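The opening residue of the sequence shown carries number 1 in the UniProt record's numbering; numbering runs sequentially from there. Report on the following structure.
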Amino acid sequence: HFLDPVSGPVEGGTVVTISGSNLGQRAEDIENSVTVAGVSCNVIHSRYEVSSRIVCETTASRGERVGPASVEVRGGGLGRSAQTFSFQNPALIRIFPQRGPKAGGSILTIEGRRLKTGQPSEVSVLIGGVSCTVLNIQEDKINCRTRGSNRTGVHNVAVRFGGAE
């Protein structure tokens with residue numbers, strides 16, 4: 001079985017695609033029997049493809065953990081992926097520059113650990129609630145371009161990994 005993505009936040013909410021074969025004839029065949037790194041993953045029925053693809057949403061993992069995806073097909077046995085999935089707890093360490101023009105256009109660098117968590121397309125950065133356009137994501141660094149804002153002062157910077165912050 002093939003997993004995409006291979007990581008997500010410990011809070012859950014990551015939509016994982018499990019591709020392979022012998023994954024049941026109906027979504028009901030595998031409902032309540034899909035786990036990722038030992039954590040329950042809720043099947044999204046509308047995205048299921050007969051025998052070849054399961055799409056599910058992870059639940060919270062209660063801490064960092066790594067393990068294969070596991071699918072038990074009703075009447076057909078248990079399958080495990082060779083690939084592993086990592087539940088990660090990204091950490092922000094440093095942000096620079098710490099100020100920029102109200103017009104926007106500054107390149108903000110966020111340094112940290114495990115920042116390449118989940119689907120890159122689902123990683124977003126907010127500065128005081130205003131989105132910062134993500135330019136690239138690495139394991140230890142995210143760069144984004146600030147947008148204009150008519151607000152001055154100190155603002156919180158939040159990084160979202162899918163639904164988790």
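Where a beta carbon is used, it is the ideal one built from N, C-alpha and C, also for glycine. All figures in this text were calculated on a predicted structure; none of them were measured in a lab.
A distance of 8 angstroms or more separates the beta carbons of PHE87 and ARG114.
Taking the Cα positions, LYS141 is about 41 angstroms away from GLU28. Between the alpha carbons of GLU31 and VAL43 lies a distance of about 6 angstroms. Following the DSSP letters along the chain, one finds GLY77 inside the beta strand (DSSP E) bounded by residues 77 to 88. Contact check between the segment 77 to 84 and the segment 95 to 113: fewer than three CB pairs, one atom from each, fall below 8 angstroms, which does not count as touching. Listed as beta-bridge partners of LEU135 by DSSP are no residues whatsoever. THR117 and HIS1 have their C-alpha atoms spaced approximately 20 angstroms apart. Look at the UniProt domain "IPT/TIG" (3 to 88) and you find these whole runs of beta strand (DSSP E), each 3 residues long or longer: 7 to 9, 15 to 19, 34 to 36, 39 to 43, 53 to 58, 65 to 73, 77 to 88.
Assignment of beta-bridge partners to GLU111 by DSSP yields ARG94, LYS141. Between VAL55 and VAL15, the CB-CB gap stays under 8 angstroms.
In this structure ARG147 is in contact with SER131, their Cβ atoms being roughly 6 angstroms apart against a cut-off of 8 angstroms.
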